[in-house]
RNA sequence: GCCUCAGUAGCUCAGUUGGAUAGAGCAACCGCCUUCUAAGCGGUGGGUCACAGGUUCGAAUCCUGUCUGGGGUACCA
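In the working numbering, the protein residues as written are 1483 to 2015.
The structure is reproduced here in structure tokens:
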């Protein structure tokens, strides 16, 4: 094993490079990549939950890291606004609307106290459905339409007709509810995502872009022309087993409707074929999926191949699921009346803590999110450790250029140096100017801590490239914690602002490189870098 | 059954292409604020890296098997 000595000159060069860099860690390791990254892609059937939060944090950090590594990335949200889920939601809204009308005594022949929902289980029992129903009834004309609708289904409902036994209500009202409700929910989701600094450039509606546009039929025809479909048992099948899938998959059900897979195949066909603004196409179609979709990959890959695209350009980043811990026990998220939403968590622990928490662990391991710990996690979250390091750097710079009045004597100590002086020094910095950094150290310990810190700063670029290559944002979180720890050690063992101006300047350059790197690392995670805490 | 992810300190988890004495945060204990922010630092205690084989000069890491836990195995989305 080579045991080479790292000279002060090399360390100086590393620091100088960081200070002159436009953005630390920037590299070209992914420069040949044109990536369409689809993630989150929730149904517009309710608020985002914790699980979505993990994909959002993971995906957005990945976008930032890949771009920092030279890739062109388009983040995209696929809106699953088609199919049974939407109908189930509409049905739930309808029931809540009936309930509201009943409470007002507006339903003929029904007492306001009567329990129409007794024994029934709404597909979407959440509180938010009641708000949607209220909004729906306030729409011009909808209240009247509901009452007319009620007259036609009243008897069936009063005799105990189940909500699931469709249709007991009119198609007209169903569509009207969906039209009203889907955009509202989507807008809420979008607002929350923006609030946590997760931005999508493209929003693709399954309903509009695939079903109403005829894209699904076109893709289906292409698959058939290529000879990969057949009819059996009244359904249309895809020969996915020819591509390594366990079995063939249904594309068109016996009732004539399409499966989710069919629309998704059309979607991926479109993504592969899409021509970008500069005339090129994407050479990487990337998705972030939950581990519950794992078995779905072979059939999707098969379909991509069957349509003549390169399956090697298709990539799925799988994330293990998030468990919600309530009273120390795992509980399934979702269909509870009171559920803990992503909004609740963000309100409770803040954007920075939530995002850092979500990406500080490998996506390969299941994440336990302890609700009871959420509040206390505020002070426990390592994100503050990193942010504090950054704030400390900023504080040092403030002290360096500001006069400091002594509280006891009232005397004012002049600033160590002027802002302009500092800027000029940074701009024209050469490695040799950093010599005082190494010469003025008093102990081996100081020297060792300093060396570790600079080596760490120097490895940032490699870390970003590794994180990009392995699609592992948690490398960055880990890195940020490590560097922060190095700095906190150094800070306690070595003073930055000293009576010797040359030493002070050199050490300030170190802090400048550190501050830039910390700010960049935090930015790659979508976390703010506060100047004071 | 098959596919897949995981099992590392009391708890939550890092450990990148195999590399030197396995790390961090939290929790426990002992120190450190007249000096750049103590949301910090130093120290102590705490690990048969699930288990058993194998490959290798060298394994938490690679291979095989076993055990335990999560997820999947739909004409749901």
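We put the beta carbon where it would ideally sit given N, CA and C, even for glycine.
Three-state secondary structure (DSSP) of residue i
i	result
residue 1556	strand
residue 1769	strand
residue 1711	strand
residue 1493	helix
residue 1986	helix
residue 1801	strand
residue 1682	coil
residue 1959	helix
residue 1825	helix
residue 1717	strand
residue 1940	helix
residue 1550	helix
residue 1500	helix
residue 1744	helix
residue 1732	strand
Candidates the options, of which the one nearest residue i by Cα
i	options	result
residue 1687	1523, 1582, 1737	1523
residue 1756	1729, 1846, 1727, 1697	1697
residue 1507	2008, 1982, 1958, 1972	1958
residue 1998	1987, 1973, 1965	1965
residue 1991	1946, 1878, 1945, 2011	1878
residue 1560	1591, 1623, 1630, 1671	1671
residue 1883	1715, 1901, 1714	1901
residue 1762	1948, 1753, 1769, 1692	1753
residue 1538	1922, 1945, 1841	1841
residue 1946	1935, 1608, 2003, 1921	2003
residue 1532	1975, 1904, 1674, 1765	1674
residue 1845	1701, 1689, 1954, 1504	1954
residue 1576	1596, 1618, 1903	1618
Straight-line gap, residue i to residue j (C-alpha atoms, nearest Å)
i	j	result
residue 1732	residue 1542	33 Å
residue 1942	residue 1961	8 Å
residue 2014	residue 1850	31 Å
residue 1795	residue 1520	14 Å
residue 1601	residue 1656	23 Å
residue 1680	residue 2008	8 Å
residue 1929	residue 1898	24 Å
residue 1624	residue 1780	45 Å
residue 1573	residue 1971	60 Å
residue 1558	residue 1685	6 Å
residue 1822	residue 1604	18 Å
residue 1569	residue 1826	26 Å
residue 1563	residue 1705	24 Å
residue 1980	residue 1881	12 Å
residue 1861	residue 1768	35 Å
residue 1744	residue 1682	24 Å
residue 1937	residue 1748	49 Å
residue 1511	residue 1776	28 Å
residue 1916	residue 1875	18 Å
residue 1527	residue 1514	38 Å
residue 1741	residue 1873	52 Å
Exposure label - residue i; buried when at least 16 CB within 10 Å
i	result
residue 1783	buried
residue 1977	exposed
residue 1912	exposed
residue 1729	exposed
residue 1828	buried
residue 1632	buried
residue 1566	exposed
residue 1894	exposed
residue 1751	buried
residue 1535	buried
residue 1968	buried
residue 1693	buried
residue 1736	exposed
residue 1952	exposed
residue 1690	exposed
Contacting residues, own chain, Cβ-Cβ under 7 Å from residue i (five flanking each side not counted)
i	result
residue 1994	1501, 1908
residue 1963	1864, 1867, 1868
residue 1659	1572, 1575, 1576, 1618
Proximal residues to residue i (C-beta, below 6 Å), its chain only, five neighbours per side dropped
i	result
residue 1918	1984, 1985, 1988
residue 1549	1555
residue 1578	1611, 1612, 1615
residue 1791	1754
residue 2010	1834
Own chain, CB closer than 8 Å to residue i, minus 5 neighbours either side, in chain order
i	result
residue 1586	1594
residue 1719	1711, 1712, 1713, 1730, 1731, 1732, 1733
residue 1885	1894, 1895, 1896, 1897
Cβ-heavy atom distance, residue i to the ligand NAP, below 8 Å
i	result
residue 1709	In the structure shown, the ligand NAP is absent, as is every other ligand, since no ligand is present at all.
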